[in-house]
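Here my numbering is used: the first residue of the sequence shown is 905, the next is one more, and so on. Built from N, CA and C at the ideal position, the CB exists for glycine as well.
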Amino acid sequence: MKTENKYGVDERGFYGRFGGAYIPEMLYPNIEELRENYLRIIETPEFRKEFEGLLADYVGRPTPLYLAQRLSEHYGTTIYLKREDLNHTGAHKINNTIGQLLLAEKLGKKRIIAETGAGQHGVATATVCALRGLECVVYMGEVDMQRQAPNVARMKMLGATVVPATCGSKTLKDATNEALRDWINNPVDTHYIIGSVVGPHPYPDMVARFQSVISREIRRQLLEKSGKEVPDQVIACVGGGSNAMGAFYHFLDDESVKLIGVEAGGEGVDTGRSAATTVLGKDGIIHGSRSLLMQTDDGQIIEPHSVSAGLDYPGIGPQHAHLHETGRVQFVNITDQEAMEAGLLLSKLEGIIPAIESSHALAWLKKMEFTGRESIVISLSGRGDKDLQTYIDFFRL
């Protein structure tokens, strides 16, 4: 198996010691079918043409690389925002759902299932299923359904069946568990579109490849705007990590570019209410792969907390765990309060209301020191429409 960078997956499905496919025997045929076929299919000229055509004409790519002048003046440096919030459906998630849907069609699948936390992946999955006329079932934690009600309505309008996950913390990990159970029970006609760089191999690699369009565009756009193809730093929020992996992908082998992944610190890493996996996590297996996982000494998952539904996950993707261990990516964390304040600041300075996930990346700017000569790219992974009620409640707007 060829990889596009030295930090990519090996032929066994591992990134260093993280990754693999730790799956029930009943899922083995599904995973093997994907593993044996995904590269062969997605690297064909026919697939690339259809995928890139939909990204251009349906999603609206390329998304702008926007020089945020007032934000730059505020911090005394040069800050670009990669506007994934301007994609159709309002986030980066649709890059991956289009890719996986086309792959599922090539494999003859007629039914699509997905999990979702903040709802953006669920909306993106429901959207592409409506586009192609496929049955769609989305699993979503009952708690997330309440705090992301507009996205639940969108999914239903698009024809999807939204199934609440009522066990555990009733959030993203529980929705993922339910989706995996569905796939075990419907192995022949169903494809599971995982929304992040998590899960058993080949999902982390496959999702990263579909999202890598983000960093491919950044390189080209930055060259056009500044005459320099690489920035000094790329900053992105990390839950499972698909937006960050897309933003980092084509910079991984260029050590001159500093890569920063911003996790959800919640109420603080020492409070017991956090989702900062690289600080609090230990080696473990979650949803089919070995990674870093927030867990007790006897291996029970510790429930994560974040004001952001999309970062409320107790682990990170295995490639991120490898990038953390090797030091290629610096992982930091931001509290709920800091993220919310950064979202409000961007709104007032640039007229852009960001998703709270993206606000975590923006908040890291306040903790940095600048010379004024840096060029920084922040992945604005999604727009804040879905989070408006959270903003209203938090700031009493």
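Would you mind working out which of the options sits nearest residue i, comparing C-alpha positions?
{"i": "LEU1077", "options": "VAL1102, PHE1155 and THR1230", "result": "Per the sequence shown, the amino acid found at residue 1077 is Lys instead of Leu. Closest option to LYS1077, Cα to Cα, is VAL1102."}
{"i": "MET1110", "options": "ILE1139, SER1146, ASP1136 and GLN1137", "result": "SER1146"}
{"i": "GLY923", "options": "ARG1177, GLN1223 and SER1262", "result": "GLN1223"}
{"i": "GLU1019", "options": "ILE1002, TYR984 and VAL1066", "result": "VAL1066"}
{"i": "GLY1169", "options": "SER1210, LEU1163 and LEU985", "result": "SER1210"}
{"i": "PRO1054", "options": "GLY1021, GLU915, GLU937 and ALA1079", "result": "GLY1021"}
{"i": "GLN1004", "options": "TYR984, HIS1025, SER1262 and GLN1050", "result": "HIS1025"}
{"i": "GLY917", "options": "GLU940, GLU929 and VAL1042", "result": "GLU940"}
{"i": "GLN1234", "options": "PHE1152, GLY1214, THR1031 and MET1049", "result": "PHE1152"}
{"i": "ALA1148", "options": "ILE1002, GLY1276 and LEU1163", "result": "LEU1163"}
{"i": "VAL1042", "options": "ALA1083, GLN1115 and VAL1173", "result": "ALA1083"}
{"i": "ALA1008", "options": "ASP1289, SER1212, TYR942 and GLU1207", "result": "TYR942"}
{"i": "GLY1023", "options": "GLU1273, GLY920, TRP1087 and GLN1052", "result": "GLN1052"}
{"i": "GLY1131", "options": "GLY1214, GLY1099, GLU1159 and SER1279", "result": "SER1279"}
{"i": "GLY912", "options": "ALA1057, ARG1300, ASP1297 and THR1230", "result": "THR1230"}
{"i": "ALA1176", "options": "THR1200, ILE1098, ARG1194 and ASP1086", "result": "According to the sequence provided, residue 1176 is Gly. The question's Ala does not apply to it. Nearest C-alpha to GLY1176: THR1200."}
{"i": "GLU947", "options": "ILE1097, CYS1040, ARG1113 and LYS1271", "result": "ARG1113"}
{"i": "TYR932", "options": "TRP1087, ASP1158 and ILE1190", "result": "TRP1087"}
{"i": "ILE1296", "options": "LEU959, GLU1245 and LYS1270", "result": "GLU1245"}
For residue i, is the classification buried or exposed, using 16 other Cβ atoms within 10 angstroms of its Cβ as the cut-off for buried?
{"i": "GLY1143", "result": "buried"}
{"i": "GLN1125", "result": "buried"}
{"i": "ILE1139", "result": "buried"}
{"i": "GLU1121", "result": "buried"}
{"i": "ASP1216", "result": "buried"}
{"i": "CYS1071", "result": "exposed"}
{"i": "ASP1240", "result": "buried"}
{"i": "ARG1277", "result": "exposed"}
{"i": "LEU1250", "result": "buried"}
{"i": "MET930", "result": "exposed"}
{"i": "ASP1273", "result": "The identity of residue 1273 in the sequence shown is Glu, whereas the question assumes Asp. Classification for GLU1273: exposed."}
{"i": "ALA1057", "result": "exposed"}
{"i": "LEU959", "result": "buried"}
{"i": "LEU1301", "result": "exposed"}
{"i": "THR1275", "result": "exposed"}
Can we count residue i as close to the ligand ATP, meaning its CB is less than 6 Å from some heavy atom?
{"i": "GLU929", "result": "The ligand ATP is not part of the structure shown, which contains no ligands of any sort."}
Between the beta-carbon of residue i and the beta-carbon of residue j, is there less than 7 Å?
{"i": "LEU1248", "j": "LEU975", "result": "no"}
{"i": "ASP1291", "j": "ILE1256", "result": "no"}
{"i": "ASN909", "j": "LEU1156", "result": "yes"}
{"i": "CYS1033", "j": "ILE1016", "result": "yes"}
{"i": "ILE927", "j": "VAL963", "result": "no"}
{"i": "ILE1238", "j": "PRO1218", "result": "no"}
{"i": "ARG1123", "j": "HIS1154", "result": "yes"}
{"i": "GLU988", "j": "HIS978", "result": "no"}
{"i": "PRO1108", "j": "GLY1192", "result": "no"}
{"i": "VAL1281", "j": "LYS986", "result": "yes"}
{"i": "ALA1028", "j": "GLY1045", "result": "no"}
{"i": "ILE1220", "j": "LEU1184", "result": "no"}
{"i": "SER1262", "j": "LEU1284", "result": "yes"}
{"i": "SER1119", "j": "GLU1207", "result": "no"}
{"i": "THR1181", "j": "MET1198", "result": "yes"}
{"i": "ALA1030", "j": "ALA1064", "result": "yes"}
{"i": "CYS1141", "j": "VAL1166", "result": "yes"}
{"i": "THR1001", "j": "ILE1097", "result": "yes"}
{"i": "LYS1014", "j": "ASP1093", "result": "yes"}
Work out the CA separation of residue j and residue i for me, nearest whole Å.
{"i": "LYS906", "j": "GLY1012", "result": "Interpretation of LYS906 is limited by its pLDDT of 49, a score under 50 that renders its predicted location unreliable; the figure taken from the coordinates is listed afterwards. In a straight line, the C-alpha of LYS906 is about 25 Å away from that of GLY1012."}
{"i": "GLY1150", "j": "GLU1133", "result": "16 Å"}
{"i": "LYS1129", "j": "LEU971", "result": "9 Å"}
{"i": "GLN1324", "j": "ASN1089", "result": "The structure shown does not extend to residue 1324, since the chain is modelled only from 905 to 1301, so the question has no answer here."}
{"i": "GLU950", "j": "LEU1266", "result": "38 Å"}
{"i": "GLY1203", "j": "GLY1188", "result": "8 Å"}
{"i": "VAL1161", "j": "ASN1081", "result": "36 Å"}
{"i": "PRO968", "j": "LEU1127", "result": "13 Å"}
{"i": "GLU1117", "j": "ALA1243", "result": "For clarity, residue 1117 is Val in the given sequence; the question names Glu instead. Those two C-alpha atoms are separated by around 26 Å."}
{"i": "MET1059", "j": "PHE955", "result": "22 Å"}
{"i": "VAL1047", "j": "THR1075", "result": "6 Å"}
{"i": "PRO1091", "j": "LEU1227", "result": "33 Å"}
{"i": "GLN973", "j": "VAL1236", "result": "25 Å"}
{"i": "LYS1186", "j": "ASN991", "result": "35 Å"}
{"i": "GLY957", "j": "LEU1062", "result": "22 Å"}
{"i": "ARG1287", "j": "LEU1035", "result": "22 Å"}
{"i": "ASP1136", "j": "PRO966", "result": "22 Å"}
{"i": "ASP1289", "j": "TRP1268", "result": "22 Å"}
{"i": "ALA1213", "j": "SER1178", "result": "12 Å"}
{"i": "ILE1190", "j": "ALA925", "result": "10 Å"}
{"i": "ARG1194", "j": "TYR919", "result": "10 Å"}
{"i": "ASP961", "j": "LYS953", "result": "12 Å"}
Is residue i close to chain C? Criterion is C-beta to C-beta, closer than 7 Å.
{"i": "GLY1219", "result": "The chain inventory of the structure shown lacks chain C, comprising one protein chain alone."}
Run through the segment 991–1037 for me and flag every whole alpha helix (DSSP H) of 4 or more residues, listed as ranges in chain order. 997–1010 and 1024–1036
List, from N- to C-terminal side, the alpha helix (DSSP H) runs of 4 residues or more that fit wholly inside the segment 1052–1130. Fully enclosed alpha helix (DSSP H) runs of 4 or longer: 1053–1061, 1076–1089, 1107–1115 and 1117–1130.
Which complete alpha helix (DSSP H) runs does the segment 1141–1166 hold, if anything under 4 residues is left out? 1146–1152
To test your reading of the DSSP string, which unbroken beta strand (DSSP E) runs of 3 or more residues are found completely within the segment 1198–1265? For the segment 1198–1265, whole beta strand (DSSP E) runs of length 3 or above, ordered along the chain, are 1233–1239.
Report the residue ranges of all alpha helix (DSSP H) runs contained in full by the segment 1165–1193; include only those spanning at least 4 residues, in chain order. Every alpha helix (DSSP H) of 4 residues or more that sits fully in the segment 1165–1193 is shown, in chain order, as 1181–1184.
Which runs of the alpha helix (DSSP H) spanning at least 4 residues fall entirely within the segment 950–993, listed in chain order? Along the length of the segment 950–993, whole alpha helix (DSSP H) runs at least 4 residues long occupy 973–979, reported in chain order.
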